[in-house]
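Q:
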Amino acid sequence: MDMNAERLIFGLALLILGIALISISNFPNTSYGALVLIGPFPILVASDYGIAVFLILLAFALLLILQIFRWLR
């Protein structure tokens, strides 16, 4: 699989932009979360329980979609 440098730089720029937006946020009750899928293993970080549940459901849905696409291929 070929790694495209433009996509890598774009992804890193989005990551840095997201971190910057969270850090300069002036809202006192801001909740945040992050989901990283490394193969079938989800790694998630969340600021509260509701976001964590949402990320777990999102990880499950993404893995299910991945399996469906692999099955159809």
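So in my numbering, the last one in the sequence shown is 125, and the numbering has no gaps at all. For each residue, glycine too, the CB sits at the ideal point set by N, CA and C. Note that this is a predicted model, so its numbers are computed, not measured.
(1) Name the one or two DSSP bridge partners that Leu87 has.
(2) Could you give the uninterrupted runs of the alpha helix (DSSP H) lying entirely in the stretch 55 to 85, keeping only those of 4 residues or more?
(3) For Arg125, name the three-state secondary structure that DSSP assigns.
(4) Is the separation between the beta-carbon of Ser75 and that of Ser99 shorter than 7 Å?
A: Reading it off the structure:
(1) Its beta-bridge partners are Leu96.
(2) 57 to 75
(3) coil
(4) It is not a contact, given that the beta carbons lie outside the stated cut-off.
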